Amino acid sequence: MVVFLIFKVYPVILAVIMSFQNFQGVQSQEWVGLTNYQNVFNLVRFNQALANTTIYTIGTLLILIPLPLVLAVLLDSGRVVQSTVFRTLIFLPALTSLVVAGTVFRLILAEDGFLNLFLTSLFGVQPLRWLEVSDLALPSLILVATWRWTGINILYFNSGLVNISKDLYEAAVIDGASAFQMFWRITLPLLRPTTLFVVVLSIIGGYQVFVEPFILYTGGGGPGDGGLTMALLIYRTAFTSFNFGTAAAMGVILAAIIFVFSLIQFRYFGVFSKED
Amino acid sequence: MAEQASDLIQHRTISRPRNRFNVSKILLTLFFILLTIGFLFPLYWMVISSLRPDGRIFVDAFELFPSILSLDSYNNLFAQEPFGRWIINSIVQTAGFAITALILCTTGGYALAKFKFRGRNLLFVLILVSQMIPFHLLIVSLFLMVIQLGLVETYFGAIIPIAASPIGIFFVRQYMLSIDDEMLNAARVDGANEYQIFFSVVLPNARPAIATLFILFSLEYWNNLLWPLIVFRQAENMPLAVGISRLINQYRQSYDLVMAGSTLATIPIIILFLFLRRQVMEGLAATGTGLK
Amino acid sequence: MNKRISLLLLIAILLGSLGVSAVSAQDATDLSLWVFVDRHGLFMQNQAARWNEVNPDRPINLTYEQIDYTQMHDNLLASLLVGMGAPDLADIEISKFATFTKGDIQLIELDDAIEPYRGDIIETRLAPYVANGHNYGIDYHLGSFVMYYNTGILSAAGVDVDSIRTWDDYIEAGKKVTQDTNGDGTPDVYMASVETSGVMTARGIMLMMGGGAYDAEGNLILNSEANVKALQFVQDLVHVHGIARPTSGGEHHSPDHFLDLVEGRIASLWMPQWYMTRFPDNMSSQLAAVEVIRPMPIFEEGGYTTTMGGGTGTAITNQIDPSKIELAKEFLAFAKLTYEANVALWTDLGFDPMRVDVYDDPALLITMDDFSGEVPFEYIKAGLANVAPEYTGPYYPEIATIMQTTMMYELIENKKSPQEVLDAAIAELQAMGADVGG
Chain U
1410 MVVFLIFKVY
1420 PVILAVIMSF
1430 QNFQGVQSQE
1440 WVGLTNYQNV
1450 FNLVRFNQAL
1460 ANTTIYTIGT
1470 LLILIPLPLV
1480 LAVLLDSGRV
1490 VQSTVFRTLI
1500 FLPALTSLVV
1510 AGTVFRLILA
1520 EDGFLNLFLT
1530 SLFGVQPLRW
1540 LEVSDLALPS
1550 LILVATWRWT
1560 GINILYFNSG
1570 LVNISKDLYE
1580 AAVIDGASAF
1590 QMFWRITLPL
1600 LRPTTLFVVV
1610 LSIIGGYQVF
1620 VEPFILYTGG
1630 GGPGDGGLTM
1640 ALLIYRTAFT
1650 SFNFGTAAAM
1660 GVILAAIIFV
1670 FSLIQFRYFG
1680 VFSKED
Chain Y
188 MAEQASDLIQ
198 HRTISRPRNR
208 FNVSKILLTL
218 FFILLTIGFL
228 FPLYWMVISS
238 LRPDGRIFVD
248 AFELFPSILS
258 LDSYNNLFAQ
268 EPFGRWIINS
278 IVQTAGFAIT
288 ALILCTTGGY
298 ALAKFKFRGR
308 NLLFVLILVS
318 QMIPFHLLIV
328 SLFLMVIQLG
338 LVETYFGAII
348 PIAASPIGIF
358 FVRQYMLSID
368 DEMLNAARVD
378 GANEYQIFFS
388 VVLPNARPAI
398 ATLFILFSLE
408 YWNNLLWPLI
418 VFRQAENMPL
428 AVGISRLINQ
438 YRQSYDLVMA
448 GSTLATIPII
458 ILFLFLRRQV
468 MEGLAATGTG
478 LK
Chain A
333 MNKRISLLLL
343 IAILLGSLGV
353 SAVSAQDATD
363 LSLWVFVDRH
373 GLFMQNQAAR
383 WNEVNPDRPI
393 NLTYEQIDYT
403 QMHDNLLASL
413 LVGMGAPDLA
423 DIEISKFATF
433 TKGDIQLIEL
443 DDAIEPYRGD
453 IIETRLAPYV
463 ANGHNYGIDY
473 HLGSFVMYYN
483 TGILSAAGVD
493 VDSIRTWDDY
503 IEAGKKVTQD
513 TNGDGTPDVY
523 MASVETSGVM
533 TARGIMLMMG
543 GGAYDAEGNL
553 ILNSEANVKA
563 LQFVQDLVHV
573 HGIARPTSGG
583 EHHSPDHFLD
593 LVEGRIASLW
603 MPQWYMTRFP
613 DNMSSQLAAV
623 EVIRPMPIFE
633 EGGYTTTMGG
643 GTGTAITNQI
653 DPSKIELAKE
663 FLAFAKLTYE
673 ANVALWTDLG
683 FDPMRVDVYD
693 DPALLITMDD
703 FSGEVPFEYI
713 KAGLANVAPE
723 YTGPYYPEIA
733 TIMQTTMMYE
743 LIENKKSPQE
753 VLDAAIAELQ
763 AMGADVGG
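Chains as they are written, first to last, in the numbering used here: chain U, 1410 to 1685; chain Y, 188 to 479; chain A, 333 to 770.
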């Protein structure tokens, strides 16, 4: 806990302090009140980054919760031969080095790349310029995220699934419940702590997404900044524009947004009920 | 329907001969095979690219079944970079990080889940909030601390500051909530003290969670690009991921070395993962009987 | 303790492996250097060895650390911010340099060290690393723009590469070269490729037309008449003349763009000299028999013949021990600006030197298999008659970001007018607090 306080809480407090300062180095810092926060809303790209990040987060929530959940339940159902092997293999993308992921996905998403090849031959759609058109930047990023994180989320759900007592299913079978009913009535409610964990993790991860655009667009926000995210903008403001105060203000705003969303989840899942 | 349902629950206890299982089982397995091929495609591409002759990575990018294989990239990698050192650094640092982080997270998570104390929720919220500030904002203050505490170029500095993982504490807390209080109380009635309870009752029951976290922590450090670079400056001390990322820059784009290095870097962590999958399965069996 | 021993050991190994005569540790001055390209560090170490031969009374012991590009700049900025942890010398990339000259400049000015060499070098090369009238960095190369042509495609279309002298010639040739070979209604071979998420294509033209981000006096000139004309020119290549296409993947280092070149879908492109290494490294010398280097086409007689792209300036930080400053400055100028150093820029690093006199050195005048067996430096030198300078200023990094992310994209993909995209960029810079003048 002490370690935690020193290395996590103290820097966070410093960052919050920084957001009220014109920070030019440890030796030169002056209090500027809310100026940094005003600057944030003046930045032309702030709204774009906020919108992009929100869409990205919702996109990942819509895919990276249900998909791994269903896959985990299927893999746990005993209807898949060698389910452990699949769980392992689907997890492997998370182990891949980021430089490689960036390079490979540039080839997959290229105009005559593998994804278009696949889509054209299967569904006959016209080749799309995934890497060059602004509107396709977020779908591309969500695709990369799905590839990287599905396996990990399956793992999370799996560790929750094995903890559900088999007796409940046996009792349900005796009562004549269908597989779907059991999934809905037993699996889902009992997976709630795990689901909450994964959802909150996805919100935090989604709003802070940095690595995916950073590797796919080699450090940039993609075509027309269509893949610009909050974390990238914060990074740009601090380390390119040398404006740590405004960057810190943006970080505090971002943290507040994440916090509110997480709190809603907590209320919904009733995390605090025990103490209330 | 009822039969399907019974399939669903039978698998972990006894595999009874069934007649209908074949069709759905084959279809589902087939589905997963296709899915897995999709997921593994980039990795496959990485491996075949690492085996291409000098300079042909992009020229042959779309040739999926290479006709000529060569070990050029691997030879160049070992000749040009301190690759052996990177592997050892990565293994030592990753293991140190994962173990430290596990100790911090299991104790912290357990306390948050099972002890009722003042400000428990506040502390929990605080932990989560600390995860919500983007890491890049903390770099300046962390950088200052690392220098002031003399942690530059030390394994200690690479591990401790990031070991108190809020996500890890959160995960353990969520997991511990599902452990039955009755069991702990029973142990207390039997005269066990809190340490005994933690080590002999709580930890064994949390084995799947611990194995999962161990994998995730290892992974986090194995691929971490940011933090090691703040602590380490000498190429000889750097872990693999950092070393590999330096091979691509404006003036020199050694994609061949990157592909070979990444292929080799992926192998140890796959081995660890395969090894721990077994632990997870064991833990699974333990929870299956122990948690009734 | 352990750390120091291993450091010494490391130095010993490094020196030993370079065949450098080991300098006795007590009288050599230690200098530390951060680089983000390993070869830069080796180059500087070789120069230190050369320094020690010439100045045996004042030996230098140079150690360098190579750190990833992004991280090195971030670490350096953080070290300068917290007032400790920075090296004596550091490489700073051109698009990052202005970040380091904002606020209180924490670098040492190099004016007097550069002075003795000023007449010998292409002086405009110093311009990007000037702030408040002082020099703060010295580059590793000139980075002059050249044209890379695929003569296989050109001669198939009946175009002689040496007949292209002006941009009008280029456009005429482009119309012959750009062809729809498979008859699907869109061309499959284009004369040129224009980056939509890279800055080089547009920046080269802007500077050659007398535009750019800043002028010599440090005024922001992004929405100048010259830049409007330059962007109009680039846009017209794509949408009026139809001889250029947006680069696959948006920029000239995208893997799918390399494939376009290898497959013969692009007949030419203009990039700085350092792009030469991409032909063997990323394209497996597939174009060796047809690729040639020629000077940039010109817009008007007597106008600029080329300009410079990219670069990395080595700077001295204010965290250096004050007693070492003079030595470090002298060494830095020695390592980058002397005749021998400039030959080494080519032989060690493969870069075009900053001194004109070096271009006649036998070390440069060699034939190269990767460029049709020609002598590329004859053509590179021919282009250096009138090099357009590039000036930087406080918002240079932001301007680069805007060009890379939205400006070129809106111009090419969404066909917005040059005035429109430049005004948008100015408005954005203004919101960040930039002084945009009248």
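The C-beta atom is built at its ideal place from N, Cα and C for all residues, glycine as well. None of these values were measured; they are calculated from a predicted model.
| Asked | Found |
| --- | --- |
| Alpha carbon to alpha carbon, what distance is there between Y:L215 and U:S1486? | 11 Å |
| Out of Y:T223, Y:V376, Y:L238, which has the shortest C-alpha to C-alpha gap to Y:D443? | Y:L238 |
| The beta strand (DSSP E) spanning A:E623 covers which residue range? | 623-626 |
| Which complete alpha helix (DSSP H) runs does the region 1434-1518 of chain U hold, if anything under 4 residues is left out? | 1444-1451, 1455-1473, 1475-1485, 1492-1500, 1507-1517 |
| Which same chain residues end up closer than 7 Å to A:V355 when comparing Cβ atoms and leaving out the 5 residues on each side of it in sequence? | Note that A:V355 scores a pLDDT of 42, beneath 50, so its modelled location is shaky and nothing firm can be said. |
| State the DSSP-derived secondary structure class of U:L1644, mapped to helix, strand or coil. | Rather than Leu, the amino acid found at residue 1644 of chain U in this sequence is Tyr. Looking at U:Y1644 - three-state DSSP - the assignment turns out to be helix. |
| To the nearest angstrom, how far is it from the Cα of Y:T293 to the Cα of U:S1549? | 37 Å |
| Which runs of the beta strand (DSSP E), 3 residues or longer, sit entirely within the region 369-425 of chain A? | 392-398, 421-425 |
| Using three-state DSSP, classify A:H466 as helix, strand or coil. | strand |
| Expressed to the nearest angstrom, what Euclidean distance is found between the alpha-carbon atoms of U:N1448 and U:T1646? | 11 Å |
| Can you name, in chain order, every residue of its own chain whose Cβ lies under 8 Å from the Cβ of A:M686, other than the five neighbours on each side? | I453, I454, R457, D471, H473, L474, K668, L669, N674, L677 |
| Tell me where the beta strand (DSSP E) around A:R577 begins and ends. | 576-578 |
| At what residues does the alpha helix (DSSP H) containing Y:N145 begin and finish? | In the structure as shown, chain Y begins at 188 and stops at 479. Residue 145 of chain Y is therefore absent and cannot be evaluated. |
| Using 8 Å as the threshold, is the C-beta distance between A:V493 and A:V509 below it? | no |
| Look at the alpha carbon of U:S1574 and the alpha carbon of U:Y1465, and state the distance between them as a whole number of angstroms. | 36 Å |
| Beta-carbon within less than 6 Å of A:V753's beta-carbon, same chain only, minus the 5 sequence neighbours each way: which residues are those? | M739, E742, L743 |
| Give me the Cα-Cα distance between U:F1648 and U:G1660, rounded to the nearest whole angstrom. | 14 Å |
| Less than 6 Å between C-beta atoms, sequence neighbours within five positions excluded: which residues of the same chain meet that for A:P787? | Outside the shown range of chain A (333 to 770) lies residue 787 of chain A, about which nothing can therefore be said. |
| Look at A:T644 and A:T579 and say whether their C-beta atoms are less than 8 Å apart. | no |
| Could you pull the start and end residues of the alpha helix (DSSP H) that Y:Q280 belongs to? | 270-301 |
| For a contact defined as C-beta to C-beta under 7 Å, what are the partners of U:S1506 on chain Y? | N410, A428, I431, S449, A452 |
| How big is the Cα-Cα spacing for Y:I454 and A:Q398? | 26 Å |
| How many whole angstroms separate the CB atoms of Y:Q318 and U:I1467, which I take to be in contact at a CB cut-off of 8 Å? | Not really, about 20 Å apart at Cβ, beyond 8 Å. |
| Comparing C-alpha positions only, which one of A:D423, A:P587, A:P612, A:A647 sits nearest to A:Y468? | A:A647 |
| Three or more C-beta pairs under 8 Å: does that hold for the region 1658-1674 of chain U against the region 1471-1490 of chain U? | no |
| At 4 residues or longer, what runs of the alpha helix (DSSP H) sit wholly inside the region 695-730 of chain A? | 708-714 |
| Using DSSP with H/G/I as helix, E/B as strand and the rest coil, what is Y:G475? | Its pLDDT being 34, under 50, Y:G475 is placed unreliably by the model, and the measurement read from it follows with that caveat. Correct three-state label for Y:G475: helix. |
| Under 8 Å Cβ-Cβ, which residues of chain A neighbour Y:R243? | S616 |
| Can you list, in chain order, the residues of its chain whose CB lies under 8 Å from that of Y:D254, leaving out five sequence neighbours each side? | This sequence places Ser at residue 254 of chain Y; Asp is not what is there. Within the same chain, Y:S254 has no close Cβ partners at all. |
| Determine the extent of the beta strand (DSSP E) in which A:G542 is found, giving its start and end residues. | No beta strand (DSSP E) holds A:G542; DSSP gives it neither H nor E. |
| Tell me where the beta strand (DSSP E) around A:F477 begins and ends. | 477-482 |
| Leaving out the 5 sequence neighbours to the left and right, which residues in its chain are closer than 7 Å to A:A756 when beta-carbon positions are compared? | none |
| What would DSSP say about A:Y522, mapped onto helix, strand or coil? | strand |
| What residues are listed by DSSP as bridge partners for A:I648? | A:L421 |
| Whole angstroms is fine: what's the gap from A:A357's alpha carbon to Y:P269's? | Residue confidence is low: A:A357 scores 46 on pLDDT, short of 50, so the model does not pin down where it sits. Its coordinate-derived value is still stated next. Computed Cα separation, rounded: 26 Å. |
| Quick one: complete alpha helix (DSSP H) runs, 4+ long, within the region 1586-1658 of chain U? | 1588-1591, 1601-1616, 1620-1625, 1639-1644 |
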